[in-house]
Amino acid sequence: MDIGELSSYKPPSTLKRPAAGEEDDDDEWESQRQSKKLDELTEKEKQDILNKETKAPKVEALDEATLERLILLFEKRALRNQKMRVKFPDQPEKFMESEVELQETMQKLRIAVANPTNLYLYCILMVKLGAVPSLLELLSHENTDIAVGVVKLLFDFTYDTYYNILDAIQKESADTFINALLEQQVFALLVQNLERLDETVVKEDTGVCLTLEFFDKLLEFRPDICADAGKQGLMQWLLRRVKIITKTFFDFNDCWACSLLYKLVQHTPENRLLLGDLAGIHVLLQQLAYLPRSQNREKYEVEGIMRHLFDVLCSSLMATVNRDRFLRDKGLQLMNLMLREKKMSWNGSLKVLDHAMNGPDGKDNCSKFVDILGLRTIFPLFMKTPTRNRNRMRELTAEDDEKHVISIIASLLKNCKGQQRQTLLSYFTENDYEKVDRLMELHFKYLEKVEEVKKKVEEVNGKDEDDEDEEELYSRRLDGRLFILQLIDYVLLEACTGCPPAVKQRIKDLLAQRSLKTIRYIMR
């Protein structure tokens, strides 16, 4: 697929299955969803919601015997419903009563675990009584309402369970329950359930949303299971879900899917490789090419989704094999095009290019970037980064962009050889050495920031520091932009050695007010 196809790509729309008797409810729900977004709630409305939550009647703590009877009743009714469905598969009136009883029991369980004391006792008893398999078996129930009810029970477990506030006993019970879920391959079962849920049906859409939230919390509690989650089908489902982000209204499931995808690859090398094997690089590039041209979404919605996709792509590029896939799928051309357009995606494109070309593994991408005339794009950004919109990716700053641009140029200088390197160095001699002047401007800017951090640390710790204090000082200086300063000075040194003598003389003149020892100290 060439860059033209990527730019004009439009993912296929999802097939919509109308649900009998729910058309009016769906329309009403969708209209409310479009007209009232979370950010548009007034302070009074938010306070009303908070009051409802805090003033809700408290659930009494149950003793172990009472909760045990409730769990056993749940198992009994689940088994009875299963038998009735097998015995009368074509006669709903025969098994409907048992199904209603099962739903009522599940609702009682949900009410019971709303009390934290009951919740942790519930975790212990579910494992002790061997009820976890019975619960998860219902995820494949023919009635999706039952399956969604199971998802709600799982979500209730994670809703109030935060490891940083648990005592030792509570944490042990939570871990025991999580381990029991993992033994039954909870990820695979939930993914199978996701594949049959229709997001155009309100209740099933809620089930999808709660499932994704449950995944998110579970991976937050246990980051070590990210690889297992990917292997059990979650990675594949998320990529398919990302591929069909084409709905005409804001959908939280879109954001959840992108966020979860990033969580899977962020610290898990196995999942980065798996994403590449599943053609995930191609999917990400397709969506990044399509989303900026989407006419069906608000700008801030598109920015949020794209920010997640850029993060996923950057993390994936830490795997060498994915850099090759990125190169073959015309990723450099797409990022270069986004930079030229200077729209909402240019800052994410800078970050991706930085990851793609960094280090020895970025050699091929650096060479290709020069071939596609990327230097004509990156140096204007080096001279002056575009002004940021107030609402655009607020957590990013101009310093982030300067860091990525400098890092890209430094990677090009490290990886380009021969004529490509000469082409790169020639940019520093253009227009009366304006690129050199810009380098020196950045050098003095970040040198002041680093020295300011050093001064503050010395004021706190005193000027006499042992080796441990020196390491701490170096770490704080890195936080104080020392890394950017090192990149700038590396580019300066490369320009001095590779460009005509006039460039070196100009740098010397500009450094006359400060000793050359400064650069030597920074680069050592």
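If you use our numbering, the sequence shown corresponds to residues 174 to 697, in order. Glycine included, each C-beta is placed from N, C-alpha and C at the ideal position.
Contact with chain B by residue i, beta-carbon distance below 7 Å
| i | result |
| --- | --- |
| Glu-614 | Absent here is chain B; the protein component of the structure consists of one chain. |
Residue i versus residue j - alpha carbon distance
| i | j | result |
| --- | --- | --- |
| Leu-385 | Arg-369 | 15 Å |
| Val-305 | Leu-327 | 11 Å |
| Ser-584 | Arg-414 | 34 Å |
| Glu-310 | Lys-436 | 27 Å |
| Arg-466 | Phe-499 | 21 Å |
| Ala-234 | Gln-405 | 36 Å |
| Lys-267 | Leu-246 | 20 Å |
| Arg-496 | Gly-535 | 7 Å |
| Ile-244 | Glu-393 | 27 Å |
| His-577 | Met-408 | 29 Å |
| Leu-554 | Thr-596 | 18 Å |
| Ile-454 | Asp-573 | 24 Å |
| Gly-403 | Leu-447 | 8 Å |
| Val-630 | Phe-656 | 18 Å |
| Glu-474 | Lys-416 | 16 Å |
| Arg-501 | Arg-480 | 23 Å |
| Val-374 | Asp-424 | 13 Å |
| Arg-590 | Val-676 | Checking the sequence shown, residue 590 turns out to be Lys, not Arg. Each residue's alpha carbon lies about 20 Å from the other. |
| Gln-358 | Glu-476 | 34 Å |
| Lys-210 | Glu-632 | Low per-residue confidence applies at Lys-210: pLDDT is 40, beneath 50, and the placement is therefore not dependable enough to give any value. |
| Tyr-332 | Asp-389 | 11 Å |
| Val-364 | Thr-441 | 20 Å |
| Lys-681 | Lys-627 | 25 Å |
| Gln-264 | Glu-270 | 12 Å |
| Leu-683 | Asp-662 | 13 Å |
| Lys-515 | Phe-552 | 14 Å |
| Lys-256 | Val-456 | 44 Å |
| Tyr-293 | Glu-345 | 9 Å |
| Cys-539 | Ile-582 | 10 Å |
| Lys-541 | Gln-459 | 20 Å |
| Val-259 | Asn-291 | 34 Å |
Cβ pair residue i, residue j closer than 7 Å
| i | j | result |
| --- | --- | --- |
| Ser-488 | Gln-439 | yes |
| Leu-298 | Leu-367 | no |
| Val-525 | Leu-486 | yes |
| Asp-527 | Ser-580 | yes |
| Leu-451 | Leu-412 | yes |
| Arg-549 | Ala-492 | no |
| Val-300 | Ala-341 | no |
| Val-381 | Asn-316 | no |
| Lys-254 | Leu-275 | Position check: residue 254 holds Asn in this sequence, whereas Lys was assumed. Their beta carbons are under 7 Å apart, which means Asn-254 touches Leu-275 by this criterion. |
| Cys-669 | Thr-602 | no |
| Ser-307 | Ala-251 | yes |
| Ala-571 | Leu-507 | no |
| Val-494 | Gly-449 | yes |
| Leu-658 | Tyr-619 | yes |
When the options are compared against residue i, the one with the closest alpha-carbon
| i | options | result |
| --- | --- | --- |
| Glu-575 | His-616, Tyr-606, Leu-597 | His-616 |
| Lys-135 | Leu-363, Ala-238, Val-456, Leu-660 | What the structure shows of the chain is the stretch from 174 to 697, and residue 135 is not part of that stretch, so it cannot be assessed. |
| Glu-272 | Ala-361, Phe-394, Ile-319, Leu-451 | Ile-319 |
| Leu-523 | Gly-532, Ser-346, Glu-274, Leu-510 | Leu-510 |
| Arg-513 | Leu-312, Ile-545, Pro-533 | Ile-545 |
| Tyr-606 | Met-556, Gly-591, Asn-288, Asn-531 | Met-556 |
| Met-517 | Lys-503, Gln-343, Glu-471 | Glu-471 |
| Ile-398 | Gln-365, Leu-308, Asp-348 | Asp-348 |
| Val-609 | Arg-253, Asp-329, Val-664 | Val-664 |
| Gln-678 | Met-613, Val-633, Glu-632 | Met-613 |
| Ala-400 | Leu-433, Leu-383, Leu-292, Val-456 | Leu-433 |
| Leu-391 | Glu-443, Glu-632, Phe-330, Asn-291 | Phe-330 |
| Gln-343 | Gln-468, Leu-684, Leu-666, Pro-289 | Pro-289 |
| Ala-238 | Leu-302, Glu-443, Ala-361 | Leu-302 |
| Arg-395 | Leu-355, Ala-361, Trp-519, Asp-371 | Leu-355 |
| Asn-520 | Ile-418, Asp-484, Arg-611 | Asp-484 |
Rounded Cβ spacing between residue i and residue j (contact assumed at less than 8 Å)
| i | j | result |
| --- | --- | --- |
| Tyr-295 | Ala-287 | 10 Å between Cβ atoms; not a contact. |
| Arg-654 | Lys-622 | 5 Å |
| Leu-464 | Cys-431 | The Cβ separation is near 11 Å, so there is no contact. |
| Ala-529 | Gly-504 | 7 Å |
| Val-321 | Thr-379 | 7 Å |
| Ile-351 | Cys-428 | So it is not a contact: roughly 25 Å between Cβ atoms. |
| Val-323 | Phe-387 | Val-323 to Phe-387, Cβ: 10 Å. No contact. |
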